[in-house]
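Numbering (our numbering), first residue to last: 3 to 185.
For reference, the structure discussed in these notes is given below.
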Amino acid sequence: MSVGSYSEHKRNSGMLTIQPSAVHIQAFQDFARLLPQAAAAAQRRAINKTLGRLRTYIARAVGQQEKIAIAAVRQRLRAYPASGGTIRGKLWFGLNAIEASRTGRARQTRSGVSVAGRRYRGAFLKKVYGNKPDIWIRTASKQFSAHDYPETQQGRRRSGFVEENDNRFPLAKAKVSLEQARP
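See the structure below:
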């Protein structure tokens, strides 16, 4: 990255801002005196093309590292292109946990659900809320592990009596954390 480019980290997202260095700005200003519209358009196209390439390479790297479908990672990447008089482009990456059913093709097995090399014992693939099937598990289940189901509020531990587990809710949705993808 050139001087002036920086990245901003927040709790649930990361922002990468690309700005040219002072030397490059001076060279563009010299060129802009000769052909002002052509220089501005060339600079804007270069920034936008760089953002597109970064989006592709970041999606590919995160997808391989976390074993997630690249299409699911691309939906988390937003490119804000340089437009008008700005010489700044932004690339935003959402770091909230992603639903495990979006990381690949989920398959219901006898022991649970498997997707993208991950196994969720005791889970099931079902449409519960919305029109797309997700991976769910009952929080009262013996196989429930808070590690596999981030962002789940778990109540008190169950003793195993039938009276406590007779209801089909509460459910927890299987998610994959993207904290390791933080730059």
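By construction, the Cβ of each residue, glycine as well, lies at the ideal position given by its N, Cα and C atoms.
Just so we're clear, the structure is a prediction, and the values are computed from it rather than from any experiment.
Residue from the options whose Cα sits closest to the Cα of residue i
i	options	result
Y122	V130, I49, V25 and A174	A174
I89	W138, Q31, R62 and A102	Q31
P83	A183, L180, L18 and P152	L18
G87	Q39, V25 and S23	Q39
A2	A176, R78, S143 and A148	Because the chain is modelled from 3 through 185, residue 2 falls outside the range shown and cannot be assessed.
K12	W94, I60, I70 and N133	W94
G16	F146, K92 and K129	K92
Spatial neighbours of residue i in its chain, beta-carbon cut-off 8 Å, leaving aside the 5 residues before and after
i	result
A108	A102, V115, S116, V117, L127, P135 and I137
N1	Within the shown structure, residues of the chain are numbered from 3 to 185, placing residue 1 beyond reach of any answer.
A61	I72, V75, R76 and L79
Residue i vs residue j beta-carbon contact at 9 Å
i	j	result
I49	I27	no
A29	L56	no
L180	E10	no
Nearest-angstrom Cβ-Cβ length linking residue i and residue j, presumed shorter than 8 Å
i	j	result
V178	T105	6 Å
S143	G124	5 Å
A41	A34	4 Å
Nonlocal neighbours in the same chain, by C-beta distance under 6 Å from residue i, ignoring five residues either side
i	result
G65	I72 and V75
E165	For E165, the pLDDT reaches just 46, beneath the cut-off of 50, and the residue's location in the model is therefore unreliable, leaving the point undetermined.
K129	P135
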